Amino acid sequence: MSMAIRLHFWENTLSPGDPRRMIWHLMEVAMIQIKRVYDPVSKEDGTRFLVERLWPRGIKKEALHMARWCKEAAPSTDLRRWFGHDPAKRQEFKKRYQAELAKNPSAWQPLLDTARSGNLTLLYSENNPIAAS
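Right under this line is the structure:
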């Protein structure tokens with residue numbers, strides 16, 4: 002099951018380098034959702050991007066029906082190792098990941114460009130679905 006995320010960020014509450022600054026413009030244009038690579042493809046997915054540093058185990062490229070593999074937009078190896086899927090670290094992980102994204106807008110700009118023309122699905126390969134938090 003995928004978790005659809007409608008992004009509700011207001012431009013005046015975000016610093017100039019915050020990667021969410023441009024996302025609020027997309028609210029009326031597209032739905033951006035995240036979905037596990039193990040979940041079935043649906044027509045509501047729109048354009049699909051894999052956002053992982055490592056290729057997901059047991060998944061063939063053709064099975065993902067993705068437009069692009071965006072390694073650079075995924076959390077860094079150091080951040081992933083620090084996090085270690087520890088739920089107690091999730092909030093700090095989110096802060097650190099957002100800081101990484103803010104330093105590298107060219108990594109996520111293609112995602113925003115794509116979302117301007119329709120729905121966008123970001124694929125991840127964690128075994129357990131990510132809970133909204």
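All residue numbers for the sequence shown refer to our numbering, where the first residue is 2 and numbers rise by one. Heads up, the beta-carbon is just placed ideally off N, CA and C, and yes, glycines get one too. Source: prediction; values computed, not measured.
Assumed close pair residue i, residue j - CB separation to whole angstroms, cut-off 8 Å
i: residue 34; j: residue 122; result: 5 Å
Through-space distance from residue j to residue i, alpha-carbon basis
i: residue 127; j: residue 37; result: 7 Å
i: residue 88; j: residue 77; result: 18 Å
i: residue 101; j: residue 63; result: 29 Å
Chain-order list of residues whose beta-carbon lies under 7 Å from that of residue i (same chain, five-residue window excluded)
i: residue 124; result: 36, 38, 49, 50, 51, 52, 65 and 67
i: residue 84; result: 90 and 94
i: residue 105; result: 73
Closest Cα partner of residue i within the set the options
i: residue 57; options: 83, 117, 44 and 72; result: 72
i: residue 79; options: 88, 98, 61 and 45; result: 98
i: residue 103; options: 88, 75 and 86; result: 75
i: residue 109; options: 96, 92, 70 and 82; result: 70
Three-way DSSP call (helix, strand, coil) for residue i in this model
i: residue 104; result: helix
i: residue 80; result: helix
i: residue 98; result: helix
Same chain, Cβ closer than 6 Å to residue i, neighbours up to 5 away in sequence not counted
i: residue 55; result: none
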